[in-house]
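If you read the protein sequences in the order shown, they are chains A and B. So that you can map any letter, position 67 of the first sequence is 67 in our numbering, and since no number is skipped, the others follow by simple counting. For our numbering, count along the second sequence from 1 and bump the result up by 1000. Here a beta-carbon is modelled for each residue, glycine too, at the ideal position from N, C-alpha and C. Nothing here was measured: the structure is a model prediction, and the numbers come from that model. Single-structure report; data block below.
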Amino acid sequence: MSTLVSLQSVVKRYQRGKQSVEVLHGVNLSIEQGEFLALMGPSGSGKTTLLNLIAGLDQPTEGEVTVAGERIDHLSGGKLAKWRARHIGFVFQFYNLLPVLSAARNVEVPLLLTNLSAAQRKQNVRAVLELVGLADRATHKPGELSGGQQQRVSIARALVADPTLLVCDEPTGDLDRENAEEILKLLQTLNRQQGKTIIMVTHDPLAADHAARILHVDKGRLVDSPVLSAA
Amino acid sequence: MKYFMLIWAGLWRKKTRTVLTMLSIVVAFLLFGLLQGINQGIKAGLGDTSNNRLWTTNRMSAINSIPVSLMDRMMTVKGVRNVAHLSFFGGYFQDAKNAIPAFATNIDKLAIIYPELNITQAQVAAMKATRPGALIGRPLAKKYGWKVGDKIPLGTTIWTNNDGSNNWAFDIVGIFDPLPGSHGNPLASAFWINYDYWDEARQFDKHRIHQFFVQVDDPAHSAVIAAQIDKLTENSFDETRTQTENAALQSRLKQFADINFIANAIVGAVMFTLLFLTANTMMQSVRERIPELAVLKTVGFTGAKVSVLVLIESLMLCLFAAVVGLILSAGAIKIVGSVLGPATLLPIVVIFGLVIAVALAIVSGLPPAMRAQRLNIVDALAGR
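Take a look at the structure:
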């Protein structure tokens, strides 16, 4: 396995009014290709900030972030957006689907940035909706789907452009246990059968148990050595 | 084109709000098209008039008379080619409510000075041959169903004839067909009678008329000729004012109202209000969609692309509604034009309307587009 994500002495500070708040203090992290990593920690520990830096949604104040062999900590906004389109699939806690578009149209959105034809886009959307078990709900709007189904659509949207890395921020945080279990199994399948590298932020130990490695973030620092879970 | 679904979805996210905003824009552009149509119609009507014609009236007021004998003296002014005259008859048909635009004139000269009335030599000869004859424009004949040979009794609110009554009768000897484009000219639908017959038959103000039409040989000399004509009556009881036809028509219109100013003021006020309404709608729409726009940026849309999507959404909203408004105004102008006279939706008005719609879209769409561009994904997703 090769290193997909590498963080070197990453520091992140936010300006809150006149005050500068350091959220991450010199984080070093390495994630291998094909890993399923869970980042755990209490609220405000900096786990989502860490995830945002890896996903190129935010940039570190200091340090280096390398993903898929590319330094992304110095990329400009436009270049970073294009980089995200090629490498990152993002799954949100509250799904963040566009309410006026059907499930299929929501999934198609990342493909609009590619050169694929309408027919090819349609084909890819159908394939990925079948993968998440929602082919029969393609024409339904988010409001007509359950929470679990909406999260599956969100996962389909994250997968449709075949990203290098799947980044999930509390993907089961808004779901009941049964639906959460289904989503976690789906992520596990994607990791094991499709070889997708997944980084998942969660504060639910049961969710984290589905990952192959669990890291704890506390007060802006990684507090555990990498530990292989029973998964 | 592939982004159309995103723009369309954004536009119809709140259907009621979008429909109401569109209706406001439709009404504003309907008003714009209608008022500008009337305004341009009047301007075009003025533009049709020839600059080689001067109008001479009493200096005090156009309803005060001046001596007809002035005509011979006017002909002595260098550059004057022909002179016709007009006197208000103040006529009505059957009932005082049915006002008839009847004027006494020397028809042979009028036919020369106003070729667009298309009065034929045969019609001039017929008028000469029939002293109580009348020559009428096709629009007026159509309105009352009059034809050649009809004897038309006209009442007048001004003139008493020699038998002491206000009842006059005229024989229609011809109906002239004004040339296309001159239908808005009130002279084209007038009821023309022989000045000599009328002057003889009326009891007072004899040998006096209300207005001269002067044809000059070169429009470039109009100002000099006008001054020389007015000099003829300087310091007399019948001082005159001579203007080009265009200037005279404009000053008469302004006595009624400055249509141009009114039209522009109303449209300006409406567009200004509309700008706030549309800008507010777009701002609100973008504000509600901050998390959605953040998602677009998360999946790889650049700030510039997201802002262009917002701008195109604003353009679609404004342009679609403006086009509907302008189409409706074309229909409204036809109805209004048939009642008020000249009104037309010129291509320049349509183009100007579309330019305003684009400007409106850009001005109202730019602030939310810039906000969308600057959107910080992390803050937006966190609801900050």
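Arg105(A), buried or exposed, once every other Cβ within 10 Å from all chains shown has been counted against 16: That one is buried.
message: Checking the sheet assignment: what are the DSSP bridge partners for Phe94(A)?
response: Answer by DSSP bridge pairing: none, since Phe94(A) is not bridged.
message: On a Cα-Cα basis, can you pick out the residue from Phe94(A), Tyr14(A), Val91(A) that is closest to Glu62(A)?
response: Measuring from the Cα of Glu62(A), the nearest candidate turns out to be Tyr14(A).
message: Can you determine whether any heavy atom of the ligand GTP sits closer than 8 Å to the C-beta of Ser1189(B), and answer yes or no?
response: What this structure holds is no ligand at all, so the ligand GTP is not there to describe.
message: Using 8 Å as the cut-off, can you tell me whether the segment 1049–1063 of chain B makes contact with the segment 1154–1173 of chain B, which would need three or more C-beta pairs spanning the two stretches below that distance?
response: No, because fewer than three Cβ pairs between the segment 1049–1063 of chain B and the segment 1154–1173 of chain B fall closer than 8 Å, the two stretches do not touch.
message: If I measure Cβ to Cβ from Lys21(A) and keep anything under 6 Å in the same chain, skipping five residues before and after, which residues do I get?
response: Here residue 21(A) is Val; the residue named in the question, Lys, does not match the sequence. So the qualifying residues of the chain are Tyr14.
Run of the beta strand (DSSP E) containing Trp1168(B), from where it starts to where it stops: Unbroken beta strand (DSSP E) run through Trp1168(B): 1167–1176.
message: Which of the three DSSP states is assigned to Tyr14(A) in this structure?
response: The three-state secondary structure of Tyr14(A), taken from DSSP, is strand.
- request: Under the assumption that Val1299(B) contacts Ala1372(B) (Cβ atoms under 8 Å), give the Cβ distance between them as a whole number of angstroms.
  value: Contact annotation, Val1299(B) with Ala1372(B): C-beta distance approximately 15 Å; criterion of less than 8 Å not satisfied.
message: Could you check whether Ser1285(B) and Ala1369(B) sit closer than 9 Å to each other, using their CB atoms as the reference points?
response: No Cβ-Cβ contact shorter than 9 Å links Ala1369(B) with Ser1285(B).
- request: Compare the beta carbon distance of Gly1155(B) and Ile1119(B) with 9 Å and say whether it is the shorter of the two.
  value: Going by C-beta atoms, Gly1155(B) is not nearer than 9 Å to Ile1119(B).
- request: Pick out whichever of Ala1321(B), Gly1033(B), Ser1024(B), Ile1107(B) has its Cα sitting closest to the Cα of Leu1334(B).
  value: According to the sequence displayed, residue 1334(B) carries Lys and not Leu. Closest by alpha carbon: Gly1033(B).
message: Could you pull the DSSP bridge partners for Lys1151(B) from this structure?
response: Lys1151(B) is bridged to Asp1171(B).
- prompt: Looking at the C-beta of Gly77(A), does it have a partner C-beta in chain B at a distance below 9 Å?
  reply: True, the Cβ-Cβ gap to chain B drops below 9 Å.
field: chain A contacts from the segment 1261–1294 of chain B (Cβ-Cβ distance under 7 Å)
entry: Of all residues in the segment 1261–1294 of chain B, Pro1291, Glu1292 have a Cβ within less than 7 Å of some Cβ in chain A.
task: Drop a sphere of 10 angstroms on the beta-carbon of Lys1147(B), count the other beta-carbons inside from all chains shown, and report buried for 16 or more, exposed for fewer.
output: In summary, Lys1147(B) is exposed, with fewer than 16 beta-carbon neighbours lying within 10 Å of its beta-carbon over all protein chains present.
query: Can you tell which of Gln19(A), Leu50(A), Pro42(A) has the C-alpha that lies nearest to the C-alpha of Leu29(A)?
result: Among Gln19(A), Leu50(A), Pro42(A), the Cα nearest to that of Leu29(A) is on Leu50(A).
query: If you check the beta carbons only, do Ala180(A) and Leu37(A) fall under 9 Å apart?
result: Contact: no.
query: Is the beta carbon of Thr172(A) sitting closer than 9 Å to the one on Ala207(A)?
result: By the CB criterion at 9 Å, Thr172(A) and Ala207(A) fall inside the cutoff.
- request: Work out the CA separation of Ala1330(B) and Val1336(B) for me, nearest whole Å.
  value: Straight across, the Cα-Cα distance linking Val1336(B) with Ala1330(B) is about 10 Å.
task: Would you decide whether Pro142(A) is buried or exposed? Buried here means 16 or more other CB atoms lie within 10 Å of its CB.
output: For Pro142(A), the number of other beta carbons within 10 angstroms of its own is at least 16, and it is reported as buried.
- prompt: Val1310(B): which of Met1282(B), Leu1020(B), Glu1288(B), Ala1321(B) sits nearest, CA to CA?
  reply: The closest CA to that of Val1310(B), considering only Met1282(B), Leu1020(B), Glu1288(B), Ala1321(B), is found on Met1282(B).
message: Report the CB separation of Thr1160(B) from Arg1202(B) in whole angstroms; it is logged as a contact under 8 Å.
response: Indeed they touch by this definition, with Cβ atoms about 7 Å apart.
- request: Return the residue from the list Asp1230(B), Val1270(B), Ala1188(B) that minimises the CA-CA distance to Phe1176(B).
  value: Considering only alpha carbons, the answer is Ala1188(B).
message: Less than 9 Å between the beta carbons of Arg47(A) and Val201(A), yes or no?
response: For the sequence presented, residue 47(A) should be read as Lys rather than Arg. The answer is yes: Cβ separation under 9 Å.
DSSP-derived helix/strand/coil call for Val1378(B): Looking at Val1378(B) - three-state DSSP - the assignment turns out to be helix.
message: Rounding to the nearest angstrom, what Cα-Cα distance links Met1001(B) and Asp1218(B) in this structure?
response: Rounded to the nearest whole angstrom, the CA to CA distance from Met1001(B) to Asp1218(B) is 59 Å.
message: Three Cβ pairs or more, each shorter than 8 Å: is that satisfied between the segment 125–135 of chain A and the segment 145–159 of chain A?
response: With a cut-off of 8 Å, the segment 145–159 of chain A and the segment 125–135 of chain A count as touching, because enough Cβ pairs lie within range.
- prompt: Roughly how far, in whole angstroms, is the beta-carbon of Thr197(A) from the beta-carbon of Gly34(A), given that I think they are within contact range, below 8 Å?
  reply: Indeed, because the Cβ distance is near 6 Å, the residues count as touching under 8 Å.
message: Counting only Cβ-Cβ distances shorter than 9 Å, please list the residues of the segment 38–63 of chain A near chain B, keeping chain order.
response: If the cut-off is 9 Å between Cβ atoms, the segment 38–63 of chain A has Thr48, Thr49, Asn52, Ala55, Leu57, Asp58 near chain B.
task: Mind listing the chain A neighbours of Phe1320(B)? Cutoff is C-beta to C-beta under 7 Å, in chain order.
output: Those do not exist, as Phe1320(B) stays about 18 Å from chain A at its closest Cβ, beyond 7 Å.
task: Output the boundary residues of the alpha helix (DSSP H) element that contains Asp204(A).
output: Note, Asp204(A): premise wrong, no alpha helix (DSSP H); not H, not E.
8 Å CB neighbourhood of Pro226(A) in its chain, flanking five on each side removed: Low local confidence applies: a pLDDT of 48 at Pro226(A) is under 50, so the model's placement there is unreliable, and no value is given.
query: Going along the chain, which residues of its own chain have a beta-carbon closer than 6 Å to the beta-carbon of Ile1158(B), five neighbours each way excluded?
result: Only Gly1090 meet the Cβ criterion.
C-alpha gap between Ala230(A) and Asn191(A), whole angstroms: At Ala230(A), the pLDDT of 40 sits below 50, so the modelled position is not reliable; the number obtained from the coordinates is stated separately. For Ala230(A) and Asn191(A), the distance between alpha carbons rounds to 15 Å.
query: Name the chain A residues that come within less than 9 Å of Val1310(B), Cβ to Cβ?
result: Those within 9 Å of Val1310(B) in chain A number zero; the least Cβ separation is about 14 Å.
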